[in-house]
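Below you'll find the structure, written out as structure tokens, and then a few comments.
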Amino acid sequence: MVAIGVSRRFRDILVKAGVLAEDIAISMAARADQEKKSLVTLLLEEKVVDEGALIAAIARASNIPPIDLARVQVEDECLQIINRETALHHGVFPVAKAGDVLTVAVADPFNVVKLDDLRLITQCTLRPVVSTDKSIRDAVEKAFKLAERQVEKMLEGIEGDSISAEAAEDERAESYDISDVNSEDAPVVKVTNAIIAMGLKMGASDIHMEPYEKRFRVRMRVDGVMRECPKQPPKALQNGIISRVKIMSRLDIAERMKPQDGKFQIKYERRQIDFRVSTLPIVHGEKIVMRVLDTGKMNLALDSLGFEPIALQHYRDAINQPYGMILVTGPTGSGKSTTLYSAVQEIATPDINLVTVEDPVEYQMEGINQVPVNPKRGMTFAAALRSILRQDPDVILMGEIRDKETIEIAVKAALTGHLVLSTLHTNDAPSTITRMMDMGLDPFMVASSTTLISAQRLLRKLCEHCKEPVEYPEERLRAIGFLDEDFQSGLNLMKAVGCQRCSGGYRGRFAILETMYMSEALKRMVVENKPVLDLKAKAIEEGMLTLRRTGILNATRGKTTIEEVLRITSGDD
3 MVAIGVSRRF RDILVKAGVL AEDIAISMAA RADQEKKSLV TLLLEEKVVD EGALIAAIAR
63 ASNIPPIDLA RVQVEDECLQ IINRETALHH GVFPVAKAGD VLTVAVADPF NVVKLDDLRL
123 ITQCTLRPVV STDKSIRDAV EKAFKLAERQ VEKMLEGIEG DSISAEAAED ERAESYDISD
183 VNSEDAPVVK VTNAIIAMGL KMGASDIHME PYEKRFRVRM RVDGVMRECP KQPPKALQNG
243 IISRVKIMSR LDIAERMKPQ DGKFQIKYER RQIDFRVSTL PIVHGEKIVM RVLDTGKMNL
303 ALDSLGFEPI ALQHYRDAIN QPYGMILVTG PTGSGKSTTL YSAVQEIATP DINLVTVEDP
363 VEYQMEGINQ VPVNPKRGMT FAAALRSILR QDPDVILMGE IRDKETIEIA VKAALTGHLV
423 LSTLHTNDAP STITRMMDMG LDPFMVASST TLISAQRLLR KLCEHCKEPV EYPEERLRAI
483 GFLDEDFQSG LNLMKAVGCQ RCSGGYRGRF AILETMYMSE ALKRMVVENK PVLDLKAKAI
543 EEGMLTLRRT GILNATRGKT TIEEVLRITS GDD
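Its first residue numbered 3, the sequence shown is counted upward by one per residue in my numbering.
Below you can see the structure in the form of structure tokens.
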């Protein structure tokens, strides 16, 4: 049920802000209590207050940031979690999804009944942002009309509807040339090559092939956002395309009930590109995801990663230490491996024995000993680490710390004269300390071994050819996290527009990093088992820039949008 007391508290805020006259506010609040509605819902129904002013007051009262939905590009995944009817009935719009956290725009964040219903429907943790009811409805209609148009074009662009779903010829070569997609190959081969080529032209990091009852959908992850392929293959080619990819990846085409992993390499526009392939049995066939590993586009210079000057100096200081542990945290696909590879490339010299253990080896680097994990043959991270420690290493790079055994070996290595670099899955830098303790480490061991923790995310970069200046109310910017110094130094805020070069206003991505250098003061706090919020406050006091703060700085420089910063980062409160 709706919390009755909220109406009275919010009533006073509205009166103080000049949004409602006191007598009207008292009357509406009493009615809201009587009807067991939230005051916001009643005010919206009766239209007795300016909606924009109401939203600003809601943002102040709830400490929930406002959002301009006209500038938001919704991800396809969100439209599958909340359908059109649910969105309109509950007055919400799905903005973005990260892990099991769904960001939703709401006009009434005090309506706990609807939010609880939405949690049950989506099975997600909700992170609300505030917008007007009209903006939400407009965004819902626009997003779902676009999705309907995409479905109408599903079968356009690729011929061959009458072709039977036969497997491609059993070609076992490890490298394929797909540059000529109009050659005299079999139709299945041509369509498969065309899909891969389209993904590369779009700059996709992953290509998804998804079989459904009546269609075969191809989607690309471009700049971190899922997009449907402009040209969808016919359902009749589904099994043939899947078999073709499995043959290229040296997988068993007869095995359709178990997941499989493989890889292949293609030649495209005079460069070699690697693909990691994963199959997954679903209801109507096998889903395939191809991860694109294009080393030709990889920039490993530390200066290019997105470090702010003080963070870059701390990072360089840490990787040039003779021992200690450096951790990079963040969700899958946030660029952690690139950051580690950049560090390795910077410190790799002939007088250092540098060994990596990875699952799998994503990029091969000259002069570095790279060990692939193979659990089926007993080569786990822990087993590989034990062997590496007998190989006289100076620097050890671990692709990921997954369990207590691995982190214990890594910490011991860091404490016995080795520099260890690895990754963990945590939301920010300070919470990594808690995560390490949850894995069974003593606080003293954590403090003694850890040199630096860097959390990172990837933000979409504005297209330089079409971005345009935009202004926002100062009140809204302060609610997001802008500081006095931002206004004093001048804002260069931009919005995404969209043109033929970018298709949506963004082109490429860049990293933002939250780098926590483990000072002596922070180490003492870890040993004393201080709360993570205290660690975060101390790190900020010592110069750490949070992910939200770093995102805001990049928005003020015109590099990305406020909406993108809100989509990817959480507040610092």
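Where a beta carbon is used, it is the ideal one built from N, C-alpha and C, also for glycine.
Source: prediction; values computed, not measured.
{"Item": "Residue 259 (DSSP reduced to helix, strand or coil)", "Value": "coil"}
{"Item": "4 or more residues per run - each alpha helix (DSSP H) lying fully within the stretch 212-296", "Value": "240-250"}
{"Item": "With 16 other Cβ atoms within 10 Å as the buried cut-off, status of residue 570", "Value": "buried"}
{"Item": "Cα-Cα separation between residue 467 and residue 239, rounded to whole angstroms", "Value": "38 Å"}
{"Item": "Contact check, residue 560 vs residue 463, beta carbons under 8 Å", "Value": "no"}
{"Item": "Backbone CA spacing between residue 449 and residue 333 [nearest angstrom]", "Value": "24 Å"}
{"Item": "Closest Cα partner of residue 271 within the set 277, 309, 336 and 202", "Value": "202"}
{"Item": "When 59, 455, 83 and 476 are compared against residue 490, the one with the closest alpha-carbon", "Value": "476"}
{"Item": "Local Cβ density within 10 Å of residue 501, reported as buried at 16 or more and exposed below that", "Value": "exposed"}
{"Item": "Inter-residue Cα distance where the pair is residue 346 and residue 460", "Value": "20 Å"}
{"Item": "Residues of its chain near residue 583, where Cβ-Cβ distance is below 6 Å and the 5 sequence neighbours each way are ignored", "Value": "Residue 583 falls outside the range modelled here, since the chain spans only 3 to 575, and no answer is possible."}
{"Item": "Residue(s) in a DSSP beta bridge with residue 210", "Value": "221 and 291"}
{"Item": "Residue 382 versus residue 190 - alpha carbon distance", "Value": "38 Å"}
{"Item": "Buried versus exposed, by CB contacts within 10 Å (16 or more), residue 405", "Value": "exposed"}
{"Item": "Residues bridged to residue 516 [DSSP beta-bridge criterion]", "Value": "457"}
{"Item": "Residue 373 burial status per 10 Å Cβ neighbour count (16 or more: buried)", "Value": "buried"}
{"Item": "With 16 other Cβ atoms within 10 Å as the buried cut-off, status of residue 253", "Value": "buried"}
{"Item": "DSSP-derived helix/strand/coil call for residue 408", "Value": "helix"}
{"Item": "Residue burial classification, residue 558 (beta-carbon count within 10 angstroms, cutoff 16)", "Value": "buried"}
{"Item": "Beta-carbon contacts of residue 106 that lie in its chain and below 8 Å, excluding the five residues immediately before and after", "Value": "84, 94, 95, 96, 97, 120, 128, 129, 130 and 131"}
{"Item": "Residue environment, residue 243, which counts as buried when at least 16 other CB atoms sit within 10 Å", "Value": "buried"}
{"Item": "In chain order, each alpha helix (DSSP H) run of at least 4 residues that lies wholly inside the stretch 346-390", "Value": "none"}
{"Item": "Secondary structure of residue 95, DSSP reduced to three states", "Value": "strand"}
{"Item": "Residue 65 versus residue 430 - alpha carbon distance", "Value": "20 Å"}
{"Item": "Cβ-based burial, residue 395 [other Cβ within 10 Å; buried from 16]", "Value": "buried"}
{"Item": "Collapsed DSSP secondary structure at residue 400 in the structure displayed", "Value": "strand"}
{"Item": "Residue from 218, 371, 323 and 344 whose Cα sits closest to the Cα of residue 287", "Value": "218"}
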